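Peer 1: Take this structure, written in structure tokens, and hold onto it; I'll ask about it next.
Protein chains: 2
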Amino acid sequence: MYEKTSPVPPEEFVRVEWVSLRDYVAEVLSSLNVPREHAEIVANVLVAADLMGIESHGVQRLRRYTVGIQVGSVNPRAEISIVKETASTALIDGGSGLGQVVAYKAMEIAIEKAKSIGVSAVGVKNSHHFGIAGYYALQATKMGMIGIVMTNSEALVSYTHTVGRNIGTNPIAVGFPTKEPPPVLFDAATSVVPIGKIELYAKEGKKIPLGWALSPEGKLLEDPREVLSRRGSLLPLGGFGEEFGGHKGAGLALIIDVLCGVLTGANYGMYVKHTTDKEKANVGHFMIAIDVDKILSLSSFLDRIEKYKEYIKGLRKISENTEVWIPGEKAWLTMETRKKIGVPIHKNILKEIREEGEKLGVEFKVKILKETA
Amino acid sequence: MYEKTSPVPPEEFVRVEWVSLRDYVAEVLSSLNVPREHAEIVANVLVAADLMGIESHGVQRLRRYTVGIQVGSVNPRAEISIVKETASTALIDGGSGLGQVVAYKAMEIAIEKAKSIGVSAVGVKNSHHFGIAGYYALQATKMGMIGIVMTNSEALVSYTHTVGRNIGTNPIAVGFPTKEPPPVLFDAATSVVPIGKIELYAKEGKKIPLGWALSPEGKLLEDPREVLSRRGSLLPLGGFGEEFGGHKGAGLALIIDVLCGVLTGANYGMYVKHTTDKEKANVGHFMIAIDVDKILSLSSFLDRIEKYKEYIKGLRKISENTEVWIPGEKAWLTMETRKKIGVPIHKNILKEIREEGEKLGVEFKVKILKETA
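As structure tokens, this is what we get:
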């Protein structure tokens, strides 16, 4: 039993059965005119985040999407169309649909092309926030493929030597198939931390380490409430300036913005809108699928990556009390645990998603397994 | 006139004319049985690094390659062969040839495939250290393509929560074509700093910031000489532990190791050898070329990326005395400058490469433009 994040304090959380949570989320979205199949995709992606210990991207975001539909920014029945394609590439117009649906479909297209030809690259415009990037990389790993998934996102980060929120946290996920679970899954924002972590520290009344966030004037902040109330910004991976490689993190955010925004015709930088803004967000994604078997026989690759995992797990630890983790391993173990003992949901969040359903006439059928985490 | 790095102190350097430097380096390699065309590729890559202000990867590394040939680890007349291929992918065996030649040829293959089909992925095994990754990304940008280039490298970094040198600085370069120079070129190691920076601080007798390097026991070091003499290790981008995202930098190094090493059949982690070791280095590379025009019309992309560059350059600066840089811009300006006023070469390095030539009976024809930098 392992959980990447501990619900603290436990009495503020309940444990819910994940299938019932997923089904409920799908019902809520269906009631907003989202086709059943699409509602299930979104519900799967949101609940996967909760299962994997990435609660910031889980069902607590449900309202973001329902409001997006209600204000008209998200089209619940969007047509996803291929604007241009070759045997190995496609440019997709997401029609301002739910980002999860658009991304899921885009990866299906990428996988199909890679299966027939070896490698594929798919760009997406007119999409929305798609939740956790890793979910779509895992679509590829299930097919014996390497999946690379990027998205741009609303600007929350200050590009190196600048102030203000001017570039997204632009995450990248890369997944590799493995013989034994867990698959190797790297999934990270290109900022030092996600904004959710600042929110968590604010809630817990803790200071943040100097080097996570900047004031609008360019001062390092240690009060997380100031970051949130004064539109402070996050620092790129590598931190402030160039001394510890902040320009590398900012550079990664920039290349992801070019691939997802510039190359596809989507928005970029501070022009990327939030899901609940009235204007279309026009988020862009970029995905690559590589059929392993076209490069090395899949069985050789699977043998080799197991050896590589052993190599990493066997490295000399810095102290006895620590653990060496393969990317994706913590999330996988957390998922296994939570499928058994339930997903911890904060009572306020549970109330919020219950109310969302009530407003829409959807019966609350989430099974509570335990009244505390 | 701009230079990314200043030759300090100037009196220890000379300025040399870059074409004569390149030709001389090619002559030296030719005299070691490297075919003329291959010798020119290596010379171009090395001198490009000096022109771009990445001296750590410039002609000061010439001896590394000549020794590699002399000890038999590098095969000067290697056959580069395609082990497996599809319309969009290839696995290449570099035959333990010079990494620059292998990488250059691999990118040529990637470009050809991408031109006919849209996107390509090429893995390489049995190669050697290839110098600056960005050089090969620029091969793609010259053809209106996006070039993505990765390599693994000798282990110098400690994976998060471990000690010792156990994973490479594994760099990644991504280049985009632009209407106006410079092309956008991101090129960065996934460690906080390259080992060359530690060497520079040691030479200058300066302390390094806490957070760059680790002792073999896992203590943060501030004496660069200790890093070098006691086989200390570099920290991944994001630094020590997980607080500032060190696991993200380590995760990036790991996915590059999997793509370059595990997927291709090359070595990985601490099994990657140095160019001058007796054993074959078996370095692996991984490259992707994307033909922009297959996704968005090249002319639209070129218009859009110029606007994007303007967007970034126009961001609010943190102070009046600073500059906001596009990835690759500093290197490009440095190259323009050095093509005019000469490449600064440390007098000891000049002596070293002169001696290399003398041993091999190659006349020293490097034109010295100025006896100081």
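Residue numbers (our numbering), protein chains in the order written: chain A, 2 to 374; chain B, 2 to 374. Cβ coordinates follow ideal geometry from the N, Cα and C atoms, glycine included. These figures come from a predicted structure and were not determined experimentally.
1) Let's see if you can read the secondary structure: which residues bound the beta strand (DSSP E) around I377 (chain B)?
2) Span of the alpha helix (DSSP H) holding G24 (chain B)?
3) For D292 (chain B), which of helix, strand or coil comes out of DSSP?
4) Considering only the alpha carbon of each residue, which of A:E109, A:Y202, A:G119 lies closest to A111 (chain B)?
5) Between Y105 (chain B) and chain A, is there a C-beta pair that is closer than 8 Å?
6) Specify the secondary structure class of K308 (chain B) as computed by DSSP and reduced to three states.
7) Measuring only the C-alpha atoms, how far is D294 (chain B) from P184 (chain A)?
8) Taking only three categories from DSSP, how would you classify N34 (chain B)?
9) Using 8 Å for Cβ pairs, my map puts G239 (chain A) next to G239 (chain B). What's the rounded Cβ distance?
10) What alpha helix (DSSP H) runs, 4 residues minimum, are completely inside the stretch 210 to 252 of chain A?
11) Indicate whether at least one CB of chain A lies closer than 8 Å to the CB of E109 (chain B).
12) Distance cutoff 8 Å, beta carbons only. Does V120 (chain A) sit that close to anything in chain B?
13) On the DSSP bridge list, what partners appear for V102 (chain B)?
14) Please return the same chain residues whose Cβ sits closer than 6 Å to the Cβ of Q101 (chain A), not counting the five positions on each side in sequence.
15) If we call anything under 8 Å between Cβ atoms a contact, is G124 (chain A) one with L99 (chain A)?
16) What would DSSP say about L297 (chain B), mapped onto helix, strand or coil?
17) Taking CB distances under 8 Å as the criterion, tell me whether P210 (chain B) reaches chain A.
18) Here's the rule: buried if 16 or more other CB atoms are within 10 angstroms of the residue's CB, otherwise exposed. What is E280 (chain B)?
19) Classify K114 (chain A) as buried or exposed, calling it buried when 16 or more other Cβ atoms lie within 10 Å of its own Cβ.
20) Check the C-beta distance from V175 (chain A) over to I256 (chain B) and give it rounded, since I have them as a contact under 8 Å.
21) Of the choices B:R166, B:G96, B:A141, whose alpha-carbon is the least far from that of V158 (chain B)?
22) Do we get a CB-CB distance below 8 Å when we pair K318 (chain A) with the residues of chain B?
23) Round the Cβ separation of R16 (chain B) and I342 (chain B) to the nearest angstrom and send it over; I've been treating them as touching at under 8 Å.
24) Is L92 (chain A) helix, strand or coil by DSSP?
25) Could you work out which residue in A:E181, A:G59, A:Y105 is closest to I149 (chain A) when comparing CA atoms only?
26) Considering only the alpha carbon of each residue, which of B:V363, B:K368, B:Y312, B:K371 lies closest to N34 (chain B)?
27) Buried or exposed: which applies to N283 (chain A), given that a residue is buried once 16 or more other Cβ atoms fall within 10 Å of its Cβ?
28) Just to confirm, is the Cβ distance from A156 (chain B) to P172 (chain B) under 8 Å?
29) Could you list which residues in chain B have their beta carbon closer than 7 Å to that of R305 (chain A), in chain order?
30) Mind the definition here: the stretch 219 to 236 of chain A touches the stretch 195 to 208 of chain A only if three or more C-beta pairs lie below 8 Å; say whether that holds.
31) F177 (chain A) by DSSP, collapsed to three states: which one?
32) Helix, strand or coil for H275 (chain A), going by three-state DSSP, please let me know.
33) Using the Cα positions of T276 (chain A) and K207 (chain A), report the straight-line distance between them to the nearest angstrom.
34) Is it the case that the Cβ atoms of E13 (chain B) and H347 (chain B) are separated by a distance below 8 Å?
35) Check whether the stretch 244 to 254 of chain A and the stretch 47 to 57 of chain A are in contact - that is, three or more C-beta pairs closer than 8 Å.
36) Once you ignore the five residues that flank L334 (chain A) on each side, which residues in its own chain have a CB closer than 7 Å to its CB?
Peer 2: In brief:
1) A query on residue 377 (chain B) cannot be resolved here, the shown segment of chain B reaching from 2 to 374 and no further.
2) Here residue 24 (chain B) corresponds to residue number 23 of the second sequence, with the count starting at 1. The amino acid occupying residue 24 (chain B) in the given sequence is Asp; Gly does not appear at that position. Residues 19 to 31.
3) For the purposes of this step, residue 292 (chain B) is taken as the residue at position 291 of the second sequence. If DSSP states are grouped into helix, strand and coil, D292 (chain B) belongs with the strands.
4) Looking up residue 111 (chain B) in the second sequence gives position 110. Looking at the Cα atoms, A:G119 is the closest of the given residues.
5) Working through the second sequence from its first residue, we reach residue 105 (chain B) at position 104. Not an interface residue.
6) As a first step, residue 308 (chain B) is located in the second sequence; it is residue number 307 there, counting from the start. DSSP places K308 (chain B) in helix when its eight states are reduced to three.
7) Locating residue 294 (chain B) in the second sequence gives position 293, counting from the first residue. Locating residue 184 (chain A) in the first sequence gives position 183, counting from the first residue. Spanning the two alpha carbons is a distance of roughly 34 Å.
8) As a first step, residue 34 (chain B) must be located in the second sequence, where it is residue number 33. Three-state result, N34 (chain B): coil.
9) Reading the first sequence from its first residue, position 238 is the one you call residue 239 (chain A). Reading the second sequence from its first residue, position 238 is the one you call residue 239 (chain B). Beta-carbon to beta-carbon, G239 (chain A) and G239 (chain B) are separated by about 7 Å, close enough to satisfy the 8 Å threshold.
10) Qualifying alpha helix (DSSP H) stretches, in chain order: 225 to 230.
11) Along the second sequence, read from residue 1 onward, the residue named residue 109 (chain B) stands at position 108. Output row for E109 (chain B): interface = no.
12) For the purposes of this step, residue 120 (chain A) is taken as the residue at position 119 of the first sequence. Yes, V120 (chain A) counts as interfacial toward chain B.
13) Translated into the one-based positions of the second sequence, residue 102 (chain B) becomes position 101. Per DSSP, none; premise fails for V102 (chain B).
14) To locate residue 101 (chain A), count along the first sequence from 1; it is residue 100. The answer, listed in chain order, is I42, V43, V46, F131, G132.
15) Within the first sequence, residue 124 (chain A) is the residue found at index 123, counting from 1. Within the first sequence, residue 99 (chain A) is the residue found at index 98, counting from 1. In this structure, L99 (chain A) does not lie closer than 8 Å to G124 (chain A) by Cβ.
16) Start at 1 with the first residue of the second sequence, and residue 297 (chain B) comes out as number 296. The answer is coil: DSSP assigns L297 (chain B) none of H, G, I, E or B.
17) Within the second sequence, the letter at position 209 stands for residue 210 (chain B). Residue-level contact check: P210 (chain B) touches chain A, since one or more beta carbons of chain A fall below 8 Å from its beta carbon.
18) Here residue 280 (chain B) is taken as the residue at index 279 of the second sequence, counted from 1. Counting Cβ neighbours within 10 Å, E280 (chain B) comes out exposed, since fewer than 16 surround it.
19) As a first step, residue 114 (chain A) is located in the first sequence; it is residue number 113 there, counting from the start. Burial call: buried.
20) Translated into the one-based positions of the first sequence, residue 175 (chain A) becomes position 174. Translated into the one-based positions of the second sequence, residue 256 (chain B) becomes position 255. Between V175 (chain A) and I256 (chain B) the beta-carbon gap is near 5 Å, inside 8 Å, which marks them as a contact.
21) Position 157 of the second sequence, counted from the start, is the residue given in the question as residue 158 (chain B). The option with the nearest alpha carbon to V158 (chain B) is B:R166.
22) As a first step, residue 318 (chain A) is located in the first sequence; it is residue number 317 there, counting from the start. It does; some Cβ of chain B falls within 8 Å.
23) In the second sequence, counting from the first residue as 1, residue 16 (chain B) sits at position 15. In the second sequence, counting from the first residue as 1, residue 342 (chain B) sits at position 341. About 6 Å separates the two Cβ atoms, so the contact holds.
24) Taking the first residue of the first sequence as position 1, residue 92 (chain A) is located at position 91. L92 (chain A) falls in the strand class under three-state DSSP.
25) Taking the first sequence and counting its residues from 1, one reaches residue 149 (chain A) at position 148. Minimum Cα distance to I149 (chain A) is reached at A:Y105.
26) By 1-based counting over the second sequence, the position of residue 34 (chain B) is 33. Selected option, being the one with the closest Cα: B:V363.
27) Sequence index remark: in the first sequence, residue 283 (chain A) carries index 282 (1-based). It is buried - the Cβ of N283 (chain A) has at least 16 other Cβ atoms within 10 Å.
28) In the second sequence, the residue the question calls residue 156 (chain B) occupies position 155. In the second sequence, the residue the question calls residue 172 (chain B) occupies position 171. Cβ atoms of A156 (chain B) and P172 (chain B): not closer than 8 Å.
29) Working through the first sequence from its first residue, we reach residue 305 (chain A) at position 304. Those within 7 Å of R305 (chain A) in chain B are V263.
30) Verdict: yes, contact present.
31) Indexing the first sequence from 1 puts residue 177 (chain A) at position 176. When secondary structure is reduced to three states using DSSP, F177 (chain A) falls in the strand class.
32) Counting from one through the first sequence, the residue named residue 275 (chain A) turns up at place 274. Reduced to three states, the DSSP call for H275 (chain A) is coil.
33) Translated into positions along the first sequence, residue 276 (chain A) becomes position 275. Translated into positions along the first sequence, residue 207 (chain A) becomes position 206. Each residue's Cα considered, the two are about 29 Å apart.
34) Taking the second sequence and counting its residues from 1, the one referred to as residue 13 (chain B) is at position 12. Taking the second sequence and counting its residues from 1, the one referred to as residue 347 (chain B) is at position 346. A contact, by the Cβ cut-off of 8 Å.
35) no
36) To locate residue 334 (chain A), count along the first sequence from 1; it is residue 333. Excluding residues within five positions, the ones whose Cβ falls inside 7 Å are Y3.
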